[in-house]
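Just below is one structure, and these are the notes that go with it.
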Amino acid sequence: MPIALEEILETIRMTEVEHFDIRTVTMGISLLDCRSDDFKRLKTNIYDKIMRTAAEHVAIAQQVESNYGISIANKRISVTPLAIAADGFYKEDFIELAQTMDRAADELGIDYLGGFSALVQKGFTRGDHSLIQAIPEALSITNHICSSVNVASTKAGINMDAVGMMGEAIKQTAEKTADRLAIGCAKLVVFANVPEDNPFIAGAFHGVSEPDVVINVGISGPGVILRAIKEAPDDLDFASLGERIRRMAFKITRAGEFIGKEVAAKQNVPYGIVDISLAPTPLPGDSVADILKAMGLEDVGATGTTAALALLNDSVKRGGLMASSHVGGMSGAFIPVSEDEGMIKAAQNGHISLEKLEAMTSVCSVGLDMVAVPGKTPASVLAGMIADECAIGMTNNKTTAVRVIPVPGKDVGDMVDYGGLLGAAPIMPVSQLNNSLFINRGGRLPAPTKGINN
Amino acid sequence: MPDLNEQQIRKLVEEAVNQLGSNASGTAVEQVVHEAVQRMQPGSVTPPPPVQAPGQNRIIVTAFGKNRTGILAGLTGVLAEANCDILDLSQKILQEFFTIMLLVDISSSSLSFDQVKEKVVQTGDTLGLKVIIQHEDIFNTMHRV
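Protein sequences appear in the order of chains G and B.
Start counting the first sequence at 1; every next residue gets the next number (my numbering).
Start counting the second sequence at 455; every next residue gets the next number (my numbering).
Set out below in structure tokens:
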């Protein structure tokens, strides 16, 4: 059946008016074959492999953008968690490796490179310890490097020692990048149940069970879903509302998968997954919060917000799963505060609180994301936020995460503006009650019985 | 000389131009065409050069703008110059506003996708049109199961 004019115009409206784009085409690169007991050789191996493997990544992604008229906002790379690839080396070595990878990203024209990462849900290797200690310095002296640390899983429980360390790491990263509104913290995320094929930043890394090289793709289309909801009559029931979301999610997932496969095929590397998370941008109308409002809420934060988000998340998954054989990564709606115009307004107006955001994270990916809190917030409070999110993720067998920015010198009522996709965030109030005795107990919080499912 | 259809003649001329470039002279063109015709003869031992099958490289040109005379002529003219085959066309005029969609096969063109795109977008600019050009595959992917 030939394509109708209306269908062409719908596609063009999606890309030109409703900001539908491919958020990222991320090339995952294994660094396992770069290992060496000689640090200089390790460094050269890593640099050479990234430069060789991703030599054409940006150019080919641009060519695909031009051919199909769909913009690819970011071209990214993820690598094997560096704590694994460079285990046995020390804090200073990890900082040097971060600089080396940053140089490679710069030369390749890559937007972000993820994988300054460690998986410590059950305990630490020497490399894990060194990497975590290196995070604040590494993020303060690089531009493209993103860091993630997985501290909990449904199988392993929560590594509370790691939770405490990450509270400190976030605090130190904020202080080291205080002159740039603590932007280092926007590139640092702490996870429970982290997916190993996530194309999105800051949590992207290339899992050890992945192939040598792979292309994963992440889509961004809240504006498209928003239109589908806005056009619905006020008395449309939830099942029908869900169907409208499903139809749109199907179309944007198909486009995402197609673009990912093209970029992979032209580079002669395997295609991995499409992540069907709805990633918002700070542009007007490209907002997950606006979708929830369009369902009939005065603002996000109203009672019913969590239920609305659950409907959105489930409907997007249904449409996306029909559209693609390989769905992976996070694949749920994102609710970052600074990156979503509707969330920013709701936070400024005091309509949404951290407590409500935390509740919402139990029905969507990813967690407390791009939340700015007062600079005076102690590390133990940050660790408490991480522990709470990990508890939700661990108990519900889902991914959760914390990307929080304690902005030095800023307090509730102030705004911080990072520009670009990171957007602007109002400083949100967070309970400053003392929890240090709890956090400092240390050890592992036991895994729930749900994790024993064999 | 066998009977040739239009498509074959076009291929011959393109091949001659590609091979000779600025060195084209009467005898040189004759030589190239002669060799190409030989390859087309039944029983010829030389296999024909691989050509892209028609329909493998179809693009959709969409243009929007204020209606005025010469829009369709301008767009189709530049496509014809580039040896592009227009397979389908649909247009709508809403009050002053003009929308046109062309399904175009560029497999027989000597120009690449990017070159065709550049030429048509330039022509669109002179006519006050916003022109968007995309491979057909993206629409099939999004709108057909």
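For glycine and all other residues, C-beta sits at the position ideal for the given N, C-alpha and C.
| Item | Value |
| --- | --- |
| Ignoring anything shorter than 4 residues, give me the alpha helix (DSSP H) runs that lie fully in the region 183-261 of chain G, in order along the chain. | 222-230 |
| Checking the sheet assignment: what are the DSSP bridge partners for Arg444 of chain G? | G:Asn159 |
| Counting only Cβ-Cβ distances shorter than 8 angstroms, please list the residues of the region 566-597 of chain B near chain G, keeping chain order. | Phe567, Asp568, Lys571, Ile586, Ile587, Gln588, His589, Glu590, Asp591, Ile592, Phe593, Asn594, Thr595, Met596 and His597 |
| Residues of the region 510-527 of chain B in Cβ contact with chain G at a cutoff of 7 angstroms, in chain order, please. | Ile514 and Thr516 |
| With respect to the alpha helix (DSSP H) encompassing Leu548 of chain B, which residues constitute its N-terminal and C-terminal limits? | Careful: Leu548 of chain B lies outside any alpha helix (DSSP H), inside the beta strand (DSSP E) at Asp539 to Leu548. |
| Check each candidate in G:Ala138, G:Phe238 and G:Asp179 and name the one with the smallest Cα separation from Gly375 of chain G. | G:Asp179 |
| Can you tell me whether Ile219 of chain G is buried or exposed? The criterion is at least 16 other CB atoms within 10 Å of its CB, across all chains shown. | buried |
| Give the list of continuous alpha helix (DSSP H) stretches no shorter than 4 residues that lie fully inside the region 30-69 of chain G. | 39-53 and 57-68 |
| Inspect the beta-carbon positions of Leu97 of chain G and Ile50 of chain G and report whether they are closer than 8 angstroms. | no |
| Quick check: the Cα distance between Gly285 of chain G and Gly221 of chain G, rounded to an integer number of angstroms? | 10 angstroms |
| What first and last residue would you give for the beta strand (DSSP E) that runs through Gly519 of chain B? | Arg512 to Lys520 |
| Distance, Cα to Cα, Leu226 of chain G vs Pro280 of chain G? | 11 angstroms |
| Asp542 of chain B CB to nearest chain G CB: under 8 angstroms? | yes |
| Just to confirm, are Thr400 of chain G and Ala162 of chain G a CB contact at a threshold of 8 angstroms? | no |
| Using DSSP bridges, identify the partner residues of Asp27 of chain G. | First, the residue type needs correcting, since residue 27 of chain G is Met and not Asp in the sequence shown. According to DSSP, Met27 of chain G bridges with G:Ile77 and G:Ile215. |
| Give the single residue among G:Gly296, G:Ser209 and G:Leu113 whose Cα lies nearest to the Cα of Lys230 of chain G. | G:Gly296 |
| Determine which residues of the region 61-94 of chain G have a Cβ less than 9 angstroms from any Cβ of chain B, and write them out in chain order. | Gln63, Ser66, Asn67, Tyr68, Gly69 and Ile70 |
| Around the Cβ of Pro211 of chain G, are there at least 16 other Cβ atoms within 10 angstroms (buried) or fewer (exposed)? | exposed |
| Assign Asp37 of chain G to one of two classes, buried (16 or more other C-beta atoms within 10 Å of its C-beta) or exposed (fewer than that). | exposed |
| When we look at the beta-carbon of Gln121 of chain G and count the other beta-carbons within 10 Å, is it buried (16 or more) or exposed? | buried |
| Report the CB separation of Gly301 of chain G from Ala346 of chain G in whole angstroms; it is logged as a contact under 8 angstroms. | 5 angstroms |
| Restricting to Cα atoms, I'd like to know which of G:Gly413, G:Ala391 and G:Asp87 is closest to Ser153 of chain G. | G:Ala391 |
| Restricting to runs no shorter than 4 residues, where is the alpha helix (DSSP H) found entirely within the region 361-442 of chain G? | 379-396 and 436-439 |
| Output the boundary residues of the alpha helix (DSSP H) element that contains Ile592 of chain B. | Asp591 to His597 |
| Can you tell me whether DSSP reads Lys122 of chain G as helix, strand or coil? | coil |
| First and last residue of the beta strand (DSSP E) that includes Asn150 of chain G? | Ile145 to Ser153 |
| For the pair the region 120-137 of chain G and the region 367-385 of chain G, tell me if three or more CB-CB distances fall below 8 angstroms. | no |
| Under the three-state reduction of DSSP, which class applies to Asp87 of chain G: helix, strand or coil? | coil |
| Locate the alpha helix (DSSP H) running through Asp314 of chain G, then write down its first and last residues. | Thr305 to Ala323 |
| Would you report the Cα separation of Glu65 of chain G and Ala174 of chain G, rounded to the nearest angstrom? | 36 angstroms |
| Does the distance from the CB of Phe205 of chain G to the CB of Val327 of chain G come in under 8 angstroms? | no |
| Just to confirm, are Leu382 of chain G and Ile170 of chain G a CB contact at a threshold of 8 angstroms? | yes |
| Between Leu541 of chain B and Met343 of chain G, what straight-line distance do the alpha-carbon atoms span, to the nearest angstrom? | 47 angstroms |
| Where Ile427 of chain G and Gln588 of chain B are concerned, what is the direct C-alpha to C-alpha distance, given to the nearest angstrom? | 43 angstroms |
| Listed from N- to C-terminal order along the chain, which residues in the region 252-286 of chain G have their beta-carbon within a distance smaller than 7 angstroms of any beta-carbon of chain B? | Arg254, Ala255 and Phe258 |
| Report yes if the C-beta distance between Cys364 of chain G and Ile335 of chain G is below 8 angstroms; otherwise report no. | yes |
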